[in-house]
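Quick notes on the structure that follows.
Chains as they are written, first to last, in our numbering: chain A, 10 to 123; chain B, 17 to 152.
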């Protein structure tokens, strides 16, 4: 490769590499409830999620108000929120590694229970 | 990523061999027949093994801290299992050390009880480890 083509090749390489890098990072989606939703305490409220654990993740932990309440080994599914008390609550799904350490891939939402 | 996995794996190697020795050591002393002539050398092995368990257990936490800035996220049963495991490790280490310091004067029955206790502590720690692994 001569020097004239090097910047173009580098740009193409970066263009191709960035999406691949982004895909490799993993992500968490909480499809239900929606962020800011109001839940009825008498309903069966389920947190529906979908996770790409990325290269460092293994499984996920669920948190209600920063307290771990569940361990989910399926990367796509739902978790029953047991009898949430009335008021505002924070729900989080965090990807953790095999040692149960959060790897920084997470999604948190706020809900109000009435 | 590779170095992180290597760090966890090497720590796990020490932890696994330590686990084998803290239970296998005292069981081998007692079964199929008590071996009074070997008790001190096996007590050293068990002492070192419990030390390795404590050190490698701490190293798991330090590895997580180094790579992620936090320790494993545990709750409920996992926390209780960890507490049991730590208590068993400390008790096993101290009991093995006590035997090495004072055991020459102990009766045969007392020495056998010591190794039965060490075996029980090993079994408790290994059982707690399973709960720690799968309830966190």
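No residue lacks a Cβ here, since even glycine has one placed at the ideal position from N, Cα and C.
Nearest-angstrom Cα separation, counted from residue j out to residue i
i, j, result
"residue 99/B", "residue 76/B", "15 Å"
"residue 56/B", "residue 38/B", "14 Å"
"residue 106/A", "residue 97/B", "19 Å"
"residue 122/A", "residue 63/A", "32 Å"
"residue 28/B", "residue 72/B", "7 Å"
"residue 81/B", "residue 114/A", "16 Å"
"residue 31/A", "residue 61/A", "Summary for residue 31/A: the model assigns pLDDT 40, below 50, so the residue's position carries little reliability; its value from the coordinates is reported in the next sentence. Between residue 31/A and residue 61/A, the C-alpha separation is close to 12 Å."
"residue 20/B", "residue 83/B", "7 Å"
"residue 81/A", "residue 53/B", "51 Å"
"residue 91/B", "residue 74/A", "14 Å"
"residue 44/B", "residue 64/B", "16 Å"
"residue 104/B", "residue 67/A", "29 Å"
"residue 17/B", "residue 25/B", "12 Å"
"residue 119/B", "residue 107/B", "16 Å"
"residue 135/B", "residue 93/A", "44 Å"
"residue 31/B", "residue 146/B", "13 Å"
"residue 39/A", "residue 79/B", "30 Å"
"residue 78/A", "residue 113/B", "40 Å"
"residue 85/A", "residue 51/A", "25 Å"
"residue 102/B", "residue 40/B", "19 Å"
"residue 48/A", "residue 59/A", "20 Å"
"residue 34/B", "residue 131/B", "16 Å"
"residue 55/A", "residue 127/B", "56 Å"
"residue 99/A", "residue 37/A", "15 Å"
"residue 76/A", "residue 143/B", "25 Å"
"residue 117/A", "residue 68/B", "39 Å"
Proximity to residue i [Cα-Cα], best of the options
i, options, result
"residue 60/B", "116/B, 103/B, 34/B, 72/B", "116/B"
"residue 137/B", "32/B, 49/B, 62/B, 22/B", "62/B"
"residue 110/B", "66/B, 74/B, 126/B, 120/B", "66/B"
"residue 97/A", "89/A, 46/A, 36/A, 71/A", "46/A"
"residue 88/B", "44/A, 49/A, 112/A, 108/A", "108/A"
"residue 87/A", "71/A, 94/A, 95/A", "71/A"
"residue 36/B", "139/B, 93/B, 86/B", "139/B"
"residue 120/A", "112/A, 111/A, 101/A", "101/A"
"residue 151/B", "86/B, 33/B, 95/B, 112/B", "95/B"
"residue 93/B", "148/B, 49/B, 122/B", "148/B"
"residue 111/A", "118/A, 65/A, 44/A, 53/A", "65/A"
Contact set between residue i and chain A, taken where Cβ atoms lie within less than 9 Å
i, result
"residue 76/B", "108"
"residue 19/B", "What residue 19/B touches in chain A: nothing, since even the nearest Cβ is about 12 Å away."
Proximal residues of chain B, C-beta to C-beta of residue i below 8 Å
i, result
"residue 112/A", "84"
Residue i: contacting residues in chain A (beta-carbon distance under 7 Å)
i, result
"residue 80/B", "108, 110"
Listed by chain order, chain A residues near residue i by CB distance under 8 Å
i, result
"residue 152/B", "80, 109"
Heavy atom of the ligand GTP within 7 Å of residue i beta-carbon
i, result
"residue 128/B", "As for the ligand GTP, it is missing from this structure, which has no ligand bound."
Inset, instruction - Would you mind listing the alpha helix (DSSP H) stretches within the region 87-111 of chain B that are 4+ residues and don't spill past its ends, in chain order? - result: none
Inset, instruction - Could you please tell me which residues of the region 64-77 of chain A, in chain order, have their CB closer than 8 Å to any CB of chain B? - result: 64, 65, 70, 76, 77
Legend entry - Residues of the region 78-110 of chain A with Cβ closer than 9 Å to any Cβ of chain B, in chain order: 78, 80, 103, 105, 106, 107, 108, 109, 110
Legend entry - Complete beta strand (DSSP E) runs within the region 37-106 of chain A (minimum length 3 residues, chain order): 55-61, 68-73, 76-81, 85-89, 96-105
Inset, instruction - Please list the residues of the region 86-118 of chain B that have a C-beta atom closer than 9 Å to any C-beta atom in chain A, keeping them in chain order. - result: 86, 87, 88, 89, 90, 91, 92, 94
Inset, instruction - With 7 Å as the limit, tell me which residues of the region 31-54 of chain B have their beta carbon closer than that to any beta carbon of chain A; keep them in chain order. - result: none
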